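Chemist:
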Ligand code: FES
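Residue numbers (my numbering): 17 to 198.
1. Please name the residue in 139, 89, 197 whose C-alpha comes closest to that of residue 187.
2. Quick check: the stretch 162-180 against the stretch 60-79, are there 3 or more CB pairs under 8 Å?
3. Could you give the distance in angstroms between the alpha-carbon of residue 192 and the alpha-carbon of residue 106?
4. Drop a sphere of 10 angstroms on the beta-carbon of residue 81, count the other beta-carbons inside from all chains shown, and report buried for 16 or more, exposed for fewer.
5. Within 10 Å of its beta-carbon, does residue 136 have 16 or more other beta-carbons around it, so buried, or fewer, so exposed?
6. On the three-state DSSP scale, how would you describe residue 154?
7. Tell me whether the beta-carbon of residue 139 lies closer than 7 Å to the beta-carbon of residue 128.
8. On a CA-only basis, which of 134, 172, 174, 130 is nearest residue 153? Give me that one, please.
9. Would residue 156 be called buried (16 or more neighbouring beta carbons within 10 Å of its own) or exposed?
10. Kindly examine the ligand FES and report whether one of its heavy atoms sits closer than 6 Å to the Cβ of residue 193.
11. Quick one: Cα of residue 77 to Cα of residue 63, how far?
12. With C-beta atoms as the reference, is residue 118 less than 7 Å away from residue 104?
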């Protein structure tokens with residue numbers, strides 16, 4: 017049902033103050049016409065304030081949306097150039113009859129010191145990807161997950177692994193331990 021609460025019925029017009037005819041001809045209370053009553057209002061200023069409020073609103077909206085967009089769109093992966101040779105540590109870190117795993121580019125490499133002879137092979141077992149270790153009491157590279165055994169040069173001795181361990185080069189340069197691609 018339509019809302020007639022603002023309808024100027026003759027009965028309501030009677031209750032309004034002043035010249036009733038003026039209400040329907042653009043006049044405003046106080047006896048002034050609508051144009052006269054707007055004199056002095058600075059429309060340029062109102063326009064500026066409206067734009068300023070809109071600008072602040074847009075700024076706040078961008079600030080709120082930025083983290084959401086950053087979360088949804090993953091950052092571009094930085095291209096890390098692979099190095100052919102890396103100083104991974106000190107030679108003293110791998111004394112005789114020990115092994116130590118180092119990061120070489122994206123790979124994990126185990127450096128083995130088998131009685132003074134250095135070798136380096138992938139530290140990732142070719143069976144299901146567990147990390148291997150040097151087992152000094154057996155002189156083998158050993159995977160504890162399913163008992164794979166490799167020689168210090170990565171060749172298979174026994175176990176479920178389908179492939180030998182990938183080989184790398186290793187050398188001592190001064191005090192440094194240097195791994196390079198084979
Ligand atoms: S993951 Fe190494 S033996 Fe299974």
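For each residue, glycine too, the CB sits at the ideal point set by N, CA and C. Computed from a prediction, not measured in an experiment: that's the story for all the values here.
Modeler: In short:
1. Per the Cα distances, 197.
2. no
3. 4 Å
4. Exposed, by the Cβ-count rule.
5. buried
6. coil
7. Contact: no.
8. 130
9. buried
10. Checking every heavy atom of the ligand FES against the Cβ of residue 193, none is found closer than 6 Å.
11. 21 Å
12. yes
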